[in-house]
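K.L.:
This is the structure I have questions about; it appears just below.
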Amino acid sequence: MSATAVHSLWTMAADPIDKIDAPKIEYAQLSPTLIVIGAAVVGVLVEAFVPRKFRYYAQVFLSVVALAAAFAAVVGLAAGGYGTTKAHIAAMGAIAVDGPSLFLQGTILLAGILGVFTFAERRLDPEAHGNRVDSFAAQAASVPGSDSEKAAVKAGFTTTEVFPLLLFAIGGMLVFPSANDLLTLFIALEVFSLPLYLLCAVARRKRLMSQEAAVKYFLLGAFASAFTLFGIALLYGYAGSVSYATIAQVVDGTIQNVDPALAGTMGNDVLLLIGAAMVVMGLLFKVGAVPFHMWTPDVYQGAPTPVTGFMAAATKVAAFGALLRLLYVVLPGLRWDWRPVMWAVAIVTMLGGAIVAITQTDIKRLLAYSSIAHAGFILAGVIATTPDGVSSVLFYLGAYSFVTIGAFAVVTLVRDAGGEATHLSKWAGLGRRSPLVAAVFAVFLLAFAGIPLTSGFAGKFAVFKAAAEGGAGALVVVGVISSAIAAFFYIRVIVLMFFSEPRPEGPTVAVPSPLTMTAIAVGVAVTLVVGVAPQYFLDLAGQAGVFVR
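At position 206 of the sequence shown (counting the first as 1) the number is 320 in the numbering used here, and the numbers step up by one without a gap.
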């Protein structure tokens with residue numbers, strides 16, 4: 115190459131027109147996520163450099179402080195108007211900072227704080243060495259029943275890696291409902307899914323069941339992720355972009371600048387319908403809707419109960435947030451196409467979850483099918499396709515998350531020689547053995563059933579009202595029938611606890627640490643306060659119910 119040609123290339127490279135603009139990142143608006151992810155990274159360093167005897171206290175302190183700081187950042191953004199008048203798209207179009215995203219992020223962070231409290235429990239196993247053992251394996255890398263595991267148990271080891279894993283999962287969940295393009299959505303999905311797969315596998319008791327649950331969750335989750343990614347590829351082929359705004363413009367026919375190279379496939383309805391269906395399928399897997407629910411009972415039963423409680427609450431909040439944004443921001447022009455499909459999914463989810471739950475004899479599997487039924491109730495609000503539908507779903511998710519974590523926290527207290535006593539027959543007469551614990555669990559069950567003066571009633575009333583006003587009156591009728599069916603198995607457990615004779619070899623109720631007691635107390639308080647005086651919280655959800663586009 116001649117000297118003249120080389121000089122020409124250098125001149126072109128130095129041309130100001132060809133300079134790459136520096137990315138514009140609004141760090142203040144992204145601070146909740148950055149705080150949590152940063153704390154997770156610090157947690158990994160704690161595992162590497164802090165002596166074992168100090169790790170537990172360092173990890174609990176770091177996790178609680180980080181989540182509290184992130185929640186304060188969310189409140190600060192909402193107070194600064196970023197949930198209403200200042201709502202905008204940040205991080206070069208990747209993240210939406212608006213009312214729904216801030217509301218859901220706040221809910222996830224509060225659920226995360228309560229999750230840390232239940233993860234940090236160290237007094238639930240008096241048979242263990244040193245009386246300081248939690249719900250997690252002494253050494254997660256050990257083969258169940260091996261000499262190394264026995265040595266770790268004897269030494270009183272604890273798996274403190276669960277705390278940074280929890281923070282990484284929460285960080286991904288914070289991004290998931292606020293993602294404003296398909297690639298960010300997928301990355302957030304993987305960021306919070308991978309830690310959950312690991313957390314499901316580290317139960318202290320029944321380790322083989324726990325590992326089986328994790329493998330099932332991982333394999334089915336991998337299929338769901340593959341469906342989601344393939345759907346993203348098809349939507350990119352349809353719109354020539356992964357941006358929510360651009361895809362919505364192509365769907366509505368208002369796109370201005372069309373890339374000639376993509377003109378051949380842009381606007382192809384086959385790509386749109388198949389791609390949207392596959393992405394929605396991936397999200398329905400995460401919320402546990404029928405027929406994508408098969409992982410739910412086994413994973414809920416096999417995972418450590420603190421993980422189950424956190425996952426049942428926070429994952430559903432994040433996934434429904436992402437589903438709402440996809441349907442309301444990207445695909446509102448297709449609502450007459452996706453509404454009938456979501457109708458069918460909501461009906462089979464409500465009825466399937468409620469009916470199958472009646473046959474369950476394990477309390478964790480019963481709550482798993484209860485979670486499936488609640489996914490159907492929430493879908494009724496999604497189908498409304500109105501601002502009230504969005505706000506009702508936000509309210510329901512907020513109320514449901516506290517009830518769920520509180521209920522699973524109570525499950526950790528009822529124990530026998532084999533660990534947690536989850537078979538329903540062992541809960542007989544619990545109201546006579548421990549009236550307070552049984553009464554607290556009854557409050558949570560009544561909230562799940564939607565009994566008045568509980569947050570569950572206010573949530574169901576909100577979503578059913580929105581669905582009826584959105585033209586889905588028949589769906590509301592099915593929802594009421596499903597609620598009546600569900601009430602049967604909730605009340606059956608209450609009758610079993612208070613009106614059955616306790617068994618002589620029945621379980622005992624462990625004395626929890628103040629952390630677990632706090633998680634349960636907060637769950638009860640929110641359940642009753644929101645149930646008795648829901649208007650403030652309904653107004654809060656209503657103000658947060660507008661998406662930025």
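Yeah, the Cβ is synthetic: ideal placement off N, Cα and C, and Gly gets one too.
Predicted model, so just to flag it, every value in this text is computed and none were measured.
Among 342, 294, 281 and 291, whose alpha-carbon lies nearest the alpha-carbon of residue 312?
P.N.:
Here the closest residue by C-alpha is 281.
K.L.:
What did DSSP end up calling residue 622 once you bin it into helix, strand or coil?
P.N.:
Note: residue 622 maps to strand in three-state DSSP.
K.L.:
Three or more C-beta pairs under 8 Å: does that hold for the segment 345 to 359 against the segment 447 to 460?
P.N.:
Contact fails: fewer than three Cβ-Cβ distances are below 8 Å.
K.L.:
With distances taken between CB atoms, is the gap from residue 665 to residue 508 smaller than 9 Å?
P.N.:
No answer is possible for residue 665: the residues shown for the chain start at 115 and end at 663.
K.L.:
Taking C-beta to C-beta, are residue 576 and residue 486 nearer than 9 Å?
P.N.:
No, they are not a contact pair.
K.L.:
For a test of the three-state rule: what should DSSP assign to residue 535, helix, strand or coil?
P.N.:
Looking at residue 535 - three-state DSSP - the assignment turns out to be coil, as it is neither helix nor strand.
K.L.:
Could you give the DSSP three-state label for residue 134: helix, strand or coil?
P.N.:
DSSP places residue 134 in coil when its eight states are reduced to three.
K.L.:
Would you call residue 537 buried or exposed, if buried means 16 or more other Cβ atoms sit within 10 Å of its Cβ?
P.N.:
By the 10 Å Cβ count, residue 537 comes out exposed.
K.L.:
Quick check on the burial criterion: 16 or more other C-beta atoms within 10 angstroms. Buried or exposed for residue 245?
P.N.:
Residue placement at residue 245 is flagged as unreliable, the pLDDT there being 46, under the threshold of 50; a coordinate-derived value is accordingly withheld.
K.L.:
Within 10 angstroms of the Cβ of residue 167, are there 16 or more other Cβ atoms? Answer buried if so, exposed if not.
P.N.:
Classification of residue 167: exposed, given that the 10 Å Cβ count is below 16.
K.L.:
Please confirm whether residue 540 and residue 418 have their CB atoms less than 9 Å apart.
P.N.:
Taking 9 Å as the Cβ cut-off, residue 540 and residue 418 do not qualify as a contacting pair.
K.L.:
Would you identify the three-state DSSP class for residue 84, choosing helix, strand or coil?
P.N.:
Residue numbering for the chain in the displayed model covers 115 to 663; residue 84 lies beyond these limits and cannot be assessed.
K.L.:
In the structure shown, what three-state DSSP assignment does residue 210 receive?
P.N.:
In the structure shown, residue 210 sits in a strand (DSSP, three-state: E or B).
K.L.:
Using the DSSP secondary-structure output, state which residues sit across from residue 202 in a beta bridge.
P.N.:
211, per the DSSP bridge assignment.
K.L.:
Which two residues bound the contiguous alpha helix (DSSP H) that contains residue 547?
P.N.:
Unbroken alpha helix (DSSP H) run through residue 547: 544 to 547.
K.L.:
Which complete alpha helix (DSSP H) runs does the segment 548 to 579 hold, if anything under 4 residues is left out?
P.N.:
Complete alpha helix (DSSP H) runs here, min 4: 549 to 563.
K.L.:
Let's see if you can read the secondary structure: which residues bound the beta strand (DSSP E) around residue 451?
P.N.:
Premise fails: residue 451 lies in the alpha helix (DSSP H), 449 to 472, not in any beta strand (DSSP E).
K.L.:
Which one of 286, 399, 315 and 548 has the shortest CA to CA distance from residue 339?
P.N.:
Out of 286, 399, 315 and 548, 399 has the C-alpha closest to the C-alpha of residue 339.
K.L.:
Quick one: Cα of residue 243 to Cα of residue 652, how far?
P.N.:
Confidence at residue 243 is low in this model, with a pLDDT of 41, below 50, so the placement of that residue should be treated as unreliable; the coordinate-derived value is given next. Residue 243 and residue 652: Cα-Cα distance of roughly 48 Å.
K.L.:
Grouping DSSP H, G and I as helix and E and B as strand, with all else coil, what is residue 498?
P.N.:
It is coil, neither helix nor strand.
K.L.:
Just to confirm the assignment, what range does the beta strand (DSSP E) spanning residue 78 have?
P.N.:
Coverage of the chain is limited to positions 115 through 663, which leaves residue 78 absent and any answer about it impossible.
K.L.:
Tell me whether residue 214 is buried or exposed, calling it buried when 16 or more other Cβ atoms sit within 10 Å of its Cβ.
P.N.:
With 16 or more Cβ atoms within 10 Å of its Cβ, residue 214 is classed as buried.
K.L.:
Looking at residue 525: is its Cβ nearer than 9 Å to the Cβ of residue 472?
P.N.:
The answer is no: Cβ separation not under 9 Å.
K.L.:
Quick one: give me the first and last residue of the alpha helix (DSSP H) that residue 383 is part of.
P.N.:
Unbroken alpha helix (DSSP H) run through residue 383: 383 to 401.
K.L.:
For residue 163, count the other beta carbons within 10 Å of its own beta carbon; 16 or more makes it buried, fewer makes it exposed. Which is it?
P.N.:
The residue in question, residue 163, is exposed, as its Cβ has fewer than 16 Cβ neighbours within 10 Å.
K.L.:
Pick out whichever of 519, 189 and 544 has its Cα sitting closest to the Cα of residue 623.
P.N.:
Among 519, 189 and 544, the Cα nearest to that of residue 623 belongs to 544.
K.L.:
Ignoring anything shorter than 4 residues, give me the alpha helix (DSSP H) runs that lie fully in the segment 295 to 320, in order along the chain.
P.N.:
Complete alpha helix (DSSP H) runs here, min 4: 296 to 313.
K.L.:
What does a CB cutoff of less than 7 Å around residue 421 pick up in its chain, not counting 5 residues either side in sequence?
P.N.:
The answer, listed in chain order, is 313 and 314.
K.L.:
Give the single residue among 169, 428 and 436 whose Cα lies nearest to the Cα of residue 396.
P.N.:
For the residues 169, 428 and 436, the minimum Cα distance to residue 396 belongs to 436.
K.L.:
When you compare each of 426, 515 and 588 to residue 494 by their alpha carbons, which one comes out closest?
P.N.:
Ranking the options by Cα distance to residue 494, first place goes to 588.
K.L.:
Closest to residue 467 by C-alpha separation, out of 407, 415 and 520, would be which residue?
P.N.:
Measuring from the Cα of residue 467, the nearest candidate turns out to be 407.
K.L.:
Taking a contact to mean a Cβ-Cβ separation below 9 Å, would you say residue 663 touches residue 362 in this structure?
P.N.:
Their beta carbons are under 9 Å apart, which means residue 663 touches residue 362 by this criterion.
K.L.:
Run through the DSSP bridge pairs and tell me what residue 293 is partnered with.
P.N.:
Answer is 209.
K.L.:
Out of curiosity, what's the CA-to-CA distance linking residue 655 and residue 500?
P.N.:
Those two C-alpha atoms are separated by around 14 Å.
K.L.:
Between which two residues does the beta strand (DSSP E) carrying residue 529 extend?
P.N.:
528 to 530 is the span of the beta strand (DSSP E), which, as asked, contains residue 529.
K.L.:
How long is the line joining the alpha carbons of residue 447 and residue 385, rounded to whole angstroms?
P.N.:
Spanning the two alpha carbons is a distance of roughly 15 Å.
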